[in-house]
Structure formats: C-alpha cells, structure tokens
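Per this note's numbering, numbering through the sequence shown is continuous, rising by one, with the last residue being 102.
No residue lacks a Cβ here, since even glycine has one placed at the ideal position from N, Cα and C.
One structure is given here, and the rest of the page talks about it.
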Amino acid sequence: MITQKEFQLRARTRGCHLVTDEVVRGLGALPEVGVLHLLLKHTSAGLCLNENWDADVRHDMNEIFNHLVPENQPYFKHTLEGSDDMPAHAKSALVGATLTIP
Numbered sequence: 001m002i003t004q005k006e007f008q009l010r011a012r013t014r015g016c017h018l019v020t021d022e023v024v025r026g027l028g029a030l031p032e033v034g035v036l037h038l039l040l041k042h043t044s045a046g047l048c049l050n051e052n053w054d055a056d057v058r059h060d061m062n063e064i065f066n067h068l069v070p071e072n073q074p075y076f077k078h079t080l081e082g083s084d085d086m087p088a089h090a091k092s093a094l095v096g097a098t099l100t101i102p
C-alpha cells in the first residue's frame, strides 16, 4: 500500500531546527513497517537526519553551513530577496530537500 500525505511545517527563522515531532503529527497514523520518503517543497530549506538530543549539534551545524556559504559575497547575483537568500539556496542544495527513512 502506498500513501501520500501533504502537510505544512510552521515557519521558522534561519538556522537548523528539529522538526521530528511536527512531521510525525503531520503524517498521522503510520503502518508498522514501510518506507517514509519526505520531500521539502522549498528551494531555500533542506532536510537531514542528525542528532536530536544535544542542541549544540544544531548550533554547530548552523555554524558550519555559515562558514561554508557566507553571506554578502561579491559574486552573488541573486540578492534582491536579501543577503541571506542566495546562501539559503546553496545550503539547501548541499543538504538536499528529500529524506528517506526505513
């Protein structure tokens, strides 16, 4: 059996966020066995599986991404939506917008 559900996550500020509980609520009842494939339909956000116990991991991941893709670079052309928009697109491309969980 294949089931597809669509739901929205609440808006968040820039950064790395734990969304597990919100995703579980959005999915509702699930079978005991299966594969979950998540697609984030946004071009400046990404999904990854990571540590959820220690909030320092989210902080450190955010610092890593900001180091890899800093804002206000002179070579960015896509800047009409703000200095953080193009870096957000690049970070999304690095992380990806899908996650598959058995």
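Using only alpha-carbon positions, find the residue among Arg-14, Ala-29, Thr-100, Ala-93 that is nearest to Ser-83. The sequence position of residue 83 within the sequence shown is 83, counting from 1. Closest option to Ser-83, Cα to Cα, is Arg-14.
Taking only the alpha-carbon atoms, compute the straight-line gap between Thr-107 and Asn-62 and give it to the nearest angstrom. Nothing can be reported for residue 107, as the shown portion of the chain is limited to 1 through 102.
Based on the DSSP output, what are the partners of Ile-101 in its beta bridges? Counting from one through the sequence shown, the residue named residue 101 turns up at place 101. Answer is Leu-36.
Tell me, to the nearest whole angstrom, how far the beta carbon of Gly-46 is from that of Lys-91; I am working on the premise that it is less than 8 Å. Position 46 of the sequence shown, counted from the start, is the residue given in the question as residue 46. Position 91 of the sequence shown, counted from the start, is the residue given in the question as residue 91. Indeed, because the Cβ distance is near 6 Å, the residues count as touching under 8 Å.
Helix, strand or coil for Arg-83 per DSSP? Your numbering for residue 83 matches position 83 in the sequence shown. According to the sequence provided, residue 83 is Ser. The question's Arg does not apply to it. In the structure shown, Ser-83 sits in coil (DSSP, three-state: anything other than H, G, I, E or B).
Going by Cα to Cα distance, which pick from Gln-73, Phe-65, Pro-74, Gln-8 is closest to Asp-21? What you label residue 21 is simply residue 21 of the sequence shown in a count that begins at 1. The shortest Cα separation from Asp-21 among Gln-73, Phe-65, Pro-74, Gln-8 belongs to Gln-8.
Classify Arg-52 as helix, strand or coil using the three-state DSSP reduction. The residue you call residue 52 lines up with position 52 of the sequence shown. Note that residue 52 corresponds to Asn in the displayed sequence, not to Arg. If DSSP states are grouped into helix, strand and coil, Asn-52 belongs with coil.
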